[in-house]
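One structure below.
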Amino acid sequence: MSRFLFVVPPLVGHINPTLGVAAQLVRRGHRVAWAGLPDVVAPLAGERAEVFPCAAPPLDDPALLRPSSLRGPAALKFLWERFLGPLAEAMAPGIRAAIAEFRPDVLVADQQAVAGGLVAERLGVPWATSATTSAGFTAFEGIPKVEAWVTGLIQDLRQRIGDPAGAADPRLSPRLVLAFSTEALVGPAGSFGDQVRFVGPSIAPRPAPGDFPWEWPDPGRATVLITLGTANTEVGPRFLAECAEAVRVRADRLQAVVVDPSGTLRSPHDRILVRTGVPQLAVLERCDAVLCHAGHNTVCEALWHGLPLVVAPIRDDQPTVAAQVADAGAGLRVRFNRATAEHLGAALDAVLHEPAYRAAAERVRASFRAAGGADAAAAHLAQLAVRTAAERCRP
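Set out below in structure tokens:
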């Protein structure tokens, strides 16, 4: 039996992929724990999960709300300066305490929880990277000044919470990087590094609202899931209203489940079901297409089901993921700030009725299923634990 400690940021989309991997490790006889913000991790990992508390910047701090106009390099710098850097400093003491108590054989650090790699390197704990979005490999392409600035920020963090003599990038373990995608979506990955393993999405059951009206969908209409994820509530109302209007004028042949966490959208038609939250994996099994923000988890879960997409990226890694969807032929990209009901309706018509989009989505789906997902990720981690144990036993 080996012990695996998952270090995760307080972001649902970065925790969800670890759930299936952890479940597979437990099935193999290993012990698993998390280090993170308990209020976020525990509801997702389950009441029996072992969660070591780490602090985090106040998630409701107005200083963390990026202006919707902030894009590109400025948005990346804002993310690191206002959130990821302070998050690393806040998490470090909790990670050190978790390592001291849990004594992991391998630490698994999310790419955005850089304190995991820094503290592991300082304490001599073998560690792997959980790359929940493949955009993490290419985020700084073409913006060397921002890359240099982030590298300097990480070096400052290393002096305070890591090993000052260390050299490993805490976003990319030199031993193992688990990338939850495949080359069918991200394109040729030969330059990503020999330690990168593309395992496909980690899809596992997770807690979900239990009151969804499964009798609502009309089998005679195509069904679309419309969602902007869990972190875009403040910028969603206008866009979701345009989406709803696009569906309303097609209600003779189309229906939609719209996820609106703000609870502000009013349905303009009885074939538009508006909910603050949905059991997404179960809903996707009954859908024909997805309209979303190009969040990596939502895109991968849609393609896991072979569903074509309309993607409207907002920020962070979403433009990169949207480009991957379009380049793979599995969907269409629209502009979030300028999309109208007319634009969105035309895009939905295309992905629903032009066979090439579904065929491309099915190709990505096949690659995802063949990659192994959570089971493959667990196997790679177990092998890393064996290798590092053997290294410790050498004279």
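Throughout the sequence shown, residue numbering follows this note's numbering, covering -17 to 377 in sequence.
All C-beta atoms, glycine included, are put in the ideal place defined by N, C-alpha and C.
Check	Outcome
Exposed or buried, what is C375 when buried is set at 16 or more other beta-carbons lying within 10 Å of its beta-carbon?	exposed
Using DSSP's beta-bridge definition, name the partner residues of T209.	C274
Use the C-beta contact count for Q237: other C-beta atoms within 10 angstroms, 16 or more gives buried, fewer gives exposed.	buried
Since A284 and L266 should fall inside the 8 Å C-beta cutoff, what is the C-beta to C-beta distance between them, to a whole number of angstroms?	6 Å
Under 9 Å, do E103 and A70 count as touching if we go by C-beta distance?	no
Can you look up G125 in the DSSP assignment and give me helix, strand or coil?	It is Ile, not Gly, that sits at residue 125 in the sequence shown. Of the three classes helix, strand and coil, the one that applies to I125 here is coil, per DSSP.
How about L26 and Q93: are their beta carbons less than 9 Å apart?	no
Cα separation between P250 and I208?	15 Å
Quick check on F34: does DSSP put it in helix, strand or coil?	strand
Can you say whether L41 is buried or exposed, counting buried as having 16 or more other CB atoms within 10 angstroms of its CB?	exposed
Using beta-carbon positions only, say whether L363 and V90 come within less than 9 Å of one another.	yes
My guess is that V128 and L58 are in contact by the Cβ rule of under 8 Å, so how many angstroms apart are they, rounded?	6 Å
Take every Cβ of the region 332 to 346, pair it with every Cβ of the region 283 to 300, and state whether three or more of those distances are shorter than 8 Å.	yes
Using only the alpha-carbon positions, how far apart do C282 and A17 sit?	25 Å
Sorted by chain position, which residues of the same chain lie with C-beta nearer than 6 Å to V159's C-beta, five sequence neighbours on each side aside?	T111, A113, Q177 and V178
Can you tell me which of the three DSSP states W196 falls into?	coil
Since F318 contacts F221 with CB under 8 Å, what's their CB separation in whole angstroms?	6 Å
How would you write the range of the beta strand (DSSP E) that L314 sits in, first residue to last?	G313 to R315
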